[in-house]
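Just so you know, we're using our numbering here: the sequence shown kicks off at 1455 and counts up by one.
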Amino acid sequence: MSNRMRADIQALRALAVLSVVVYHAELDWLPSGYLGVDVFFVISGFVITRLLRAQAETRGQVDLRGFYLRRAWRLLPPAFAVYMACAIASWFFLARDEARDFFAQVLGGIFFAGNMVLAEQTGYFAGEAELKPLLHIWSLGIEEQFYFLWPLIFFLRPAYWWPLALGTLLVSLGLYLQLQDRYPSEAFYYLPFRGWQLL
1455 MSNRMRADIQ
1465 ALRALAVLSV
1475 VVYHAELDWL
1485 PSGYLGVDVF
1495 FVISGFVITR
1505 LLRAQAETRG
1515 QVDLRGFYLR
1525 RAWRLLPPAF
1535 AVYMACAIAS
1545 WFFLARDEAR
1555 DFFAQVLGGI
1565 FFAGNMVLAE
1575 QTGYFAGEAE
1585 LKPLLHIWSL
1595 GIEEQFYFLW
1605 PLIFFLRPAY
1615 WWPLALGTLL
1625 VSLGLYLQLQ
1635 DRYPSEAFYY
1645 LPFRGWQLL
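What follows is the structure, encoded as structure tokens:
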């Protein structure tokens, strides 16, 4: 059964979506609904790792070009549609300073670095976050960076895959636990602090 058709993964995705929607609807009965995004990271890491591992084991190598093209085809068209719609709306609704920040977010999104731009502009839970129409692109940035880097591990000998994955997970989790209080914005928005969720 493919990852795409697995009922358990689809159920987890549905729960994650529901929790994020309820959180953003500001309903008091699910105050930690934003954690649905973390669930998406876990699902993405599982699905992508399973796909890459199967390809490396059956074909003897990972088709990087095909992998990157499939990820781009899946993620970029809807992302660019959102960027265009928000750009048109920003012309009418955003003040000059807000528009400048917005277009920096668009450029960050185009170059798979929206999370980095947002880390410099605001905290996710900050009051001014409501004025960031592309605040949600931070998670896409993290996933795209993961998609770019993670397939490279499968060019190593299979004996190195799991030790390297486990080592990376532990380093990432350690960074997050040690630095989240001192650098909350970076710990929230940057892949090195979030990588453990994808692994």
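Backbone N, C-alpha and C fix where the C-beta goes; we use that ideal spot for every residue, glycine too.
Sequence-distant partners of A1510 (beyond 5 residues in either direction) whose C-beta falls short of 6 angstroms from its own C-beta, in its chain, are V1516 and F1608.
At least 8 angstroms separates the beta-carbon of Y1643 from that of R1525. Pairwise C-beta distances place the segment 1478–1494 out of contact with the segment 1557–1573, as fewer than three of them are shorter than 8 angstroms. If you draw a straight line from the Cα of S1626 to the Cα of R1513, it is about 30 angstroms long. For the pair of segments examined, the segment 1632–1640 was found not to touch the segment 1559–1566: the number of CB pairs separated by less than 8 angstroms stays below three.
Distances from the alpha-carbon of G1499 to those of A1619, H1590 and Q1559 put A1619 closest.
Per DSSP, A1641 is one residue of the alpha helix (DSSP H) stretching across P1638 to Y1643. Straight-line spacing of the CA atoms in G1520 and W1527 works out to 10 angstroms. In the structure shown, F1566 falls within a coil segment according to DSSP collapsed to helix, strand and coil. In the same chain as L1629, and ignoring 5 residues on each side of it, the C-beta atoms closer than 7 angstroms to its own belong to P1646 and F1647, in chain order. For Q1634, the three-state secondary structure derived from DSSP is coil. The DSSP-derived three-state label of P1617 is helix. Under the three-state reduction of DSSP output, G1499 falls in the helix class. In this structure, the beta-carbon distance from L1506 to P1605 falls below 8 angstroms.
Fully contained in the segment 1481–1544 are the following alpha helix (DSSP H) runs of length 4 or more, in chain order: 1490–1513.
Per DSSP, the unbroken alpha helix (DSSP H) holding W1592 starts and ends at I1591 to L1603. Across the set H1590, L1653, C1540 and L1589, the C-alpha of L1653 shows the shortest separation from the C-alpha of W1615.
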